[in-house]
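**Student:** Take this structure, written in structure tokens, and hold onto it; I'll ask about it next.
Residue numbers (the numbering used here): 1 to 237.
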């Protein structure tokens, strides 16, 4: 039986993926900040829940240091948008603490125990590909996370550990429900989880979904910088 560890399993993609893996018969360790929000998984005999804050290094070490999963999915994160007129360094710190340093904190106890054949999967975002309006904190944190993932792929290949990056587009989650702008080609958390579940079973280094939106954003990311800026500025209107 495969053993998968998932952070951010209390809602959104993480929750849907935990349910999908449990239904497939995998052993699931579902992690989140709130034990109450993880309660929806208690109906599965093959699911263990762990409650801790990924921004707390000591809490991560205590929760994860004894685990030896076959697959690790570091998915937890947050999103806040920047108001240029009211620049707030504390906002950047909150976003990076969750999206970037949360992954770094989880890796501290996990990395020494990853065995050959283990798969390490880290979720960033397609937002990292373009200079979207008000996304200075979120996009920068996800771009940093993507670089971290690819650099880990370089070093961990020597230990025969497979590293995957996951770059979703718009997914219906509690976070995106707060957005006050159009979200083209948005998919459900269940659809995203299915794409991710399939990606976990292959050896692709990079996973993107939904396919059409990912192709569009990645193509736009190849355009000259001036055109990228023009397109993103049009999106503000």
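Backbone N, C-alpha and C define an ideal beta-carbon position, used for all residues, glycine too.
If you drop the 5 nearest sequence neighbours on each side, which residues of the same chain put their C-beta closer than 6 angstroms to that of residue 8?
**Tutor:** Closer than 6 angstroms at the Cβ level, and outside the excluded window around residue 8, lie 14, 75 and 76.
**Student:** Taking 7 angstroms as the cut-off, is the beta-carbon of residue 45 closer than that to any non-hydrogen atom of the ligand ATP?
**Tutor:** What this structure holds is no ligand at all, so the ligand ATP is not there to describe.
**Student:** Whole angstroms are fine: how far does the CA of residue 61 sit from the CA of residue 154?
**Tutor:** Residue 154 and residue 61: Cα-Cα distance of roughly 24 angstroms.
**Student:** Considering only the beta carbon of each residue, do residue 199 and residue 185 sit closer than 8 angstroms?
**Tutor:** Their beta carbons are not under 8 angstroms apart, which means residue 199 does not touch residue 185 by this criterion.
**Student:** For the region 45 to 71, which segments carrying the alpha helix (DSSP H) assignment without a break, of at least 4 residues, lie completely within its bounds, in sequence order?
**Tutor:** You should have 57 to 64.
**Student:** Per DSSP, which residues does residue 74 bridge with? Please list them.
**Tutor:** Paired residue(s): 122.
**Student:** Determine the DSSP secondary structure at residue 23, reduced to helix, strand or coil.
**Tutor:** Residue 23 falls in the helix class under three-state DSSP.
**Student:** Residue 164 and residue 207 - do their beta-carbons sit closer together than 8 angstroms?
**Tutor:** It is a contact, given that the beta carbons lie within the stated cut-off.
**Student:** Compare the C-alpha of residue 53 against each of 190, 112 and 94 and name the closest.
**Tutor:** The shortest C-alpha separation from residue 53 is found at 94.
**Student:** From the DSSP output, which residues share a beta bridge with residue 28?
**Tutor:** DSSP output for residue 28 lists 4 and 47 as bridge partner(s).
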